[in-house]
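Q: Just so you know, the sequences run in chain order A and B. Heads up: the first sequence begins at 1 in UniProt numbering, then just goes up one per residue. Heads up: the second sequence begins at 1 in UniProt numbering, then just goes up one per residue.
There are 2 protein chains.
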Amino acid sequence: MSTEAVSAPPALARTRALLDPALRRAVARLDPVNRSISEYHLGWVTADGTPREPAGGKAVRPTVTLLAAEACGAAAETAIPGAVSVELVHNFSLIHDDVMDGDTERRHQPTVWALWGVPAAILTGDALVNLAQEVLLPRDPQASAVLGSAIREMIRGQTEDLAFERRDWVELPECRAMAAGKTGALLSASARIGGLLGGGSAAAVDALGAYGAHVGMAFQLVDDVLGIWGDTSVTGKPVLSDLRARKKSLPVTYVLSAGGSPAQAIADWLAAPEPADGAPETELERIADVLDAAGGRDWALAEADREIGQAVQALDSVPLAEPAREELKALTRFLTHRSA
Amino acid sequence: MSTEAVSAPPALARTRALLDPALRRAVARLDPVNRSISEYHLGWVTADGTPREPAGGKAVRPTVTLLAAEACGAAAETAIPGAVSVELVHNFSLIHDDVMDGDTERRHQPTVWALWGVPAAILTGDALVNLAQEVLLPRDPQASAVLGSAIREMIRGQTEDLAFERRDWVELPECRAMAAGKTGALLSASARIGGLLGGGSAAAVDALGAYGAHVGMAFQLVDDVLGIWGDTSVTGKPVLSDLRARKKSLPVTYVLSAGGSPAQAIADWLAAPEPADGAPETELERIADVLDAAGGRDWALAEADREIGQAVQALDSVPLAEPAREELKALTRFLTHRSA
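(1) Along the alpha helix (DSSP H) that carries Asp277(B), what are the first and last residues, could you check?
(2) Considering only the beta carbon of each residue, do Gly227(A) and Ser241(A) sit closer than 9 Å?
(3) Which first and last residues belong to the alpha helix (DSSP H) in which Gly260(B) is found?
(4) Using a C-beta to C-beta distance shorter than 7 Å, which residues of chain B count as neighbours of Ser144(A)?
(5) Among residues of its own chain, excluding the 5 on either side of Ala340(A), which ones have a beta-carbon nearer than 8 Å to its beta-carbon?
(6) Between the Cα of Ile193(B) and those of Pro319(B), Leu19(B), Gly216(B), Ile80(B), spot the shortest distance and give me the residue it belongs to.
(7) Would a C-beta distance cut-off of 9 Å place Gly181(B) and Glu165(B) closer than the cut-off?
(8) If you measure beta-carbon to beta-carbon, which residues of the stretch 154-171 of chain B are closer than 7 Å to chain A?
(9) For a quick check, are the C-beta atoms of Ala271(A) and Asp126(A) less than 9 Å apart?
(10) Where does Arg166(A) fall in DSSP's three states?
(11) Please state if the CB of Ala311(A) and the CB of Tyr211(A) are separated by a distance shorter than 9 Å.
(12) Below 7 Å on C-beta distance, what does Met178(B) contact in chain A?
(13) Taking 6 Å as the limit between beta carbons, can you name the residues of its chain near Ala83(B), skipping five residues before and five after?
(14) Work out the CA separation of Val129(A) and Ala177(A) for me, nearest whole Å.
(15) In terms of DSSP beta bridges, what is Glu105(B) paired with?
(16) Under 9 Å between beta-carbons, which chain A residues line up against Gly82(B)? List them in chain order, please.
(17) What does the Cβ neighbour count give for Arg297(B), buried or exposed, with the cut at 16 atoms within 10 Å?
(18) For Asn34(B), collect the residues of the same chain with a Cβ closer than 7 Å to its Cβ; drop the 5 residues on either side in sequence, then sort them by chain order.
(19) Are any of the Cβ atoms in chain A nearer than 9 Å to that of Asp31(B)?
(20) Does the beta-carbon of Ala293(A) have 16 or more other beta-carbons within 10 angstroms, so that it is buried, or is it exposed?
(21) For a cutoff of 9 Å on Cβ pairs, would you count Val129(B) as touching chain A?
(22) If you compare alpha carbons, which of Gly57(B), Ala132(B), Leu147(B) is closest to Arg106(B)?
(23) For His96(B), return the contacting residues in chain A, with the cut-off set at a CB-CB distance below 7 Å.
(24) Would you list the residues sitting across from Pro51(B) in a DSSP beta bridge?
(25) Determine, using beta carbons only, whether Leu94(A) and Ala120(B) come nearer to each other than 9 Å.
(26) Where does Gly309(A) land, buried or exposed, given buried means 16+ other C-beta within 10 angstroms?
(27) Measure the beta-carbon distance from His90(A) to Leu186(A) and round it to whole angstroms, keeping in mind my assumption that it falls under 8 Å.
(28) Alpha carbon to alpha carbon, how far is Gln158(A) from Met154(B)?
(29) Does any CB atom of chain B fall closer than 9 Å to the CB of Ser38(A)?
(30) Which class does Gly230(A) belong to by DSSP, given the choice of helix, strand or coil?
(31) On a Cα-Cα basis, can you pick out the residue from Ala71(B), Ala13(B), Val27(B), Ser7(B) that is closest to Leu320(B)?
(32) So if I threshold CB-CB distances at 9 Å, which residues from the stretch 180-192 of chain A count as touching chain B?
(33) What is the residue span of the alpha helix (DSSP H) that Leu172(B) lies within?
(34) Do the CB positions of Val32(A) and Trp44(A) come within less than 9 Å of each other?
(35) Is His41(B) buried or exposed, if buried means 16 or more other CB atoms sit within 10 Å of its CB?
Take a look at the structure:
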C-alpha cells in the first residue's frame, strides 16, 4: 500500500447534495432539544444554534448506499431513506462512543456530552438510532431488518472493544471479530441496504454486503495504523493515541499472536501497571518501534490491501451497473489511502 | 379514589407465563456481555450470573399487549412478539434513565451502571431497544412503526423531564405533555400493538391506543402522589423523594398553575438555592403540607379517576371481546390503587 494521498472521489460531493436535504428533514422530526443537539453534532450549527458552514463527516456510508442502488440499475434517489438511516446510525454510535471513551473533542469541536452532559448525549444518541428505523421502515421493512442486525453487531463490537481494554492479552481472531462488528457491520449494511432499495438480485445484494464488510475491515486496519504511527495533522488525534490508551488494536494483537520476543515485550508492557501521570512519550515511542520492527505496520497495510482486493472481487463477481461499480472501487482507494 | 389495596389481577400471572419463555429467547440473541447484564437487570440472575428466583417487574405493558390482542378476538399467543418488544423497550428506558438520574438502586438491587459502569449501561440499553425492533419487525412492520413513534415520544418526555429540573417554573400543560410522552406513549403503543397483532379493526386499535394513553396518565398521577406522600414500604423510594429532587411533578405544577399564596410559597422554595447538604426533612414536610392544603393531592387523585373513566369509556366505545375487556379494566384499578 502506497503512502500518497488520494483526492476525494466526486461521488462524495454528489452524495452530500442528495443526502443533506433528506437528513435535515429527518432530524427536524425530533423534539426541539434533541434536534438542536443533533444539528450541532452534525456540524450544521454552533453550540448556541447559529447556522454555520456545514462541517460534518465524509458521509462515506450514505455514499456506499446510494452507489450500491445505482450499481443495481436504480436511480440514487430511490435509496435516500437508506442513506439517511445509515448516517443516523453512524452518528448515534459516535455520540454514545464519545461518552464511553470520555472523548471531549471530535472534528476539533467539543463533543455532545462535553457540552451538554452525559444524560443529553445518551438521549440524543437514543433519538438518532430510533429515528434511523423510523425513516427506513416505511420504505422497506427488509432493509430495516438488515439495519437492526447491523446495529446489534456494532453494539457487540463496541462491547468487546471496551472489554479488551481491561485485558492484557487479546487473540487476533477476537480482535478481527470485534472490528467486523464495530466497523464492518454498518458499512456492509450500508451497501446491502442500497442494493435492496435499488431492487438488486439476492446475489447482487450479497456481493454488495461482502464488499462493505471487506471495506470496513480495510478501513479499520488503516485506522489502527494511523492511531499508532499517524500524523496528528491528518488524524486529528494526538500522536501515539492508541498506544496511550493501551488499545488492543489489530497491529498490536498481530504482534502478540506472532509470539517471540516482540510479543513478550508487548505483553510485558500491557501487563505493567500504568504510571499515574500516564506513560512517558519515549516509552510509547519504544513500543511503536517494537511493533514496527515485528512487522505490525507492514502486516496491517498488507491485510488492508488484501481486504480491498476481496472487496473489488466481490463487486466483480456479479453483474453491476457502471459507473457505480467503478465509483465503489474508487471509494475503497480513498478510504484506505489516508496517508497510511 | 379509595386507598384500599387491590390485589394483582390474574391476567398478570397468565401473561408472565406466556411472556417469559419468549423474552428469554429474545435476550439470548444478544452477545454474551449484554445478554448477562440484561438477565441481571430483568431479575433472572444475580450479578455473578447465578440463576435466582425471578424478581422482575409487574410486566404491565406486555399484559396490556396480550389482553388487547384477546380483546380483538385473537389468541394471546399471536401478540407475544409485541409483548416481548414493549417489555424490552421499557427496560431499555429504565437502564438509561437510571444512569441519567444517578439512581443506584432499583427493586432493592444495585442498578446496571452502579455495578458495571456507565458505558456498560449505555450499551445494554442500546442493545435492548434495538432488540425490541428486531423481535417485532418480522412479525408486523406496522406495529414496529407504532413502537418507533412511541420510543420517540418517550425520549421527548425524558428530555423534557430533565429540562424541567433546571427550571423554577413549569406550566401544567407542559407537565402533562411530558408525562404523556414519558409514561403514556409506551402504554398506548402496548395496547395498540396488541390490537394490530390481534387483527383488530382500525377503530378497535385506536380505542385501545386511547385506553393505554389514559391509563398511562393515571399511572403517572398516582406515581407522583406516591413520590410526595407515599409510604416507603410501598414505593421502595425514600420518603418525600420527589420533593428532595425538586421534581416538577403533576401535583406541584397544578399548585403552581393555580396561583395565589400556595403557588408563591412553592415558587419561592423552587427558586431558593438548595443547601449543600440537601433540604432538611422538616422543610420538605412543610412543602408537602402546602401542596396538600392547596389541593395538589386531591386534584391528582381526582384526575387519575377521570383518566381511568376515559380509559374505560374508550374500551366501551367499540366492540371488544370478553373477558379481555373486563381484564383490561381490572388492570387500571390495580395500577392506580397502589395505596394512593
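C-beta: ideal position from N, C-alpha, C; glycine also. In this text, all values refer to a predicted model and were calculated from it rather than measured experimentally.
A: Checking against the coordinates, here is how it stands:
(1) Looking at the DSSP string, Asp277(B) is not in any alpha helix (DSSP H), and its letter there is neither H nor E.
(2) Yes, the Cβ-Cβ distance between Gly227(A) and Ser241(A) is below 9 Å.
(3) It spans 260-271 - the alpha helix (DSSP H) in which Gly260(B) sits, taken as one unbroken run.
(4) Under a criterion of Cβ atoms nearer than 7 Å, the residues of chain B adjacent to Ser144(A) are, in order, Leu137.
(5) Legend: pLDDT at Ala340(A) = 46, less than 50; position of this residue unreliable, value from coordinates given subsequently. Sequence-distant Cβ neighbours of Ala340(A) in its own chain, meaning closer than 8 Å and more than five residues away, are Met1, Thr3, Val222, Val225, Leu226, Gly230, Leu301, Ala304.
(6) Distance from the Cα of Ile193(B) is smallest, within the candidate group Pro319(B), Leu19(B), Gly216(B), Ile80(B), for Ile80(B).
(7) No, the pair does not count as a contact, with Cβ atoms beyond the cut-off.
(8) Taking 7 Å as the upper bound on Cβ-Cβ separation, chain A lies near residues Ile155, Arg156, Gln158, Thr159, Leu162, Ala163 of the stretch 154-171 of chain B.
(9) No, Cβ-Cβ distance for Ala271(A) and Asp126(A) is not below 9 Å.
(10) Arg166(A) falls in the coil class under three-state DSSP.
(11) In this structure, Tyr211(A) lies near Ala311(A), with their beta-carbon atoms less than 9 Å apart.
(12) Under the 7 Å cutoff, chain A gives no residues; its nearest Cβ is about 11 Å from Met178(B).
(13) The beta carbon of Ala83(B) sits closer than 6 Å to those of Leu19, Pro62, Thr65, Leu66, all from its chain and outside the five residues before and after it, given in chain order.
(14) Rounded to the nearest angstrom, the two C-alpha atoms are 23 Å apart.
(15) Residue pairing for Glu105(B): DSSP places it in a beta bridge opposite Pro110(B).
(16) Within 9 Å of the CB of Gly82(B), no CB atom of chain A is found; the nearest one sits about 15 Å away.
(17) Flag for Arg297(B) reads buried.
(18) Leu123, Thr124, Ala127, listed in sequence order.
(19) Asp31(B) belongs to the set of residues whose beta carbon lies under 9 Å from a beta carbon in chain A.
(20) Ala293(A) should be labelled exposed.
(21) Yes, because at least one Cβ of chain A sits closer than 9 Å to the Cβ of Val129(B).
(22) For the residues Gly57(B), Ala132(B), Leu147(B), the minimum Cα distance to Arg106(B) belongs to Gly57(B).
(23) By Cβ distance, chain A contributes Ile122, Asp126.
(24) Per DSSP, the beta bridge partners of Pro51(B) are Val45(B).
(25) Contact check for Leu94(A) against Ala120(B) fails: the beta carbons are separated by 9 Å or more.
(26) Gly309(A) comes out exposed.
(27) In this structure, His90(A) and Leu186(A) form a Cβ contact; the two beta carbons are roughly 6 Å apart against a cut-off of 8 Å.
(28) Going by C-alpha positions, Gln158(A) is about 25 Å away from Met154(B).
(29) For Ser38(A), the closest Cβ of chain B is not nearer than 9 Å.
(30) Coil, per DSSP.
(31) Closest option to Leu320(B), Cα to Cα, is Ala71(B).
(32) Residues Gly181.
(33) Note, Leu172(B): alpha helix (DSSP H), 172-179.
(34) Checking the sequence, you will find Pro at residue 32(A) rather than Val. No, the Cβ-Cβ distance between Pro32(A) and Trp44(A) is not below 9 Å.
(35) Result: buried.
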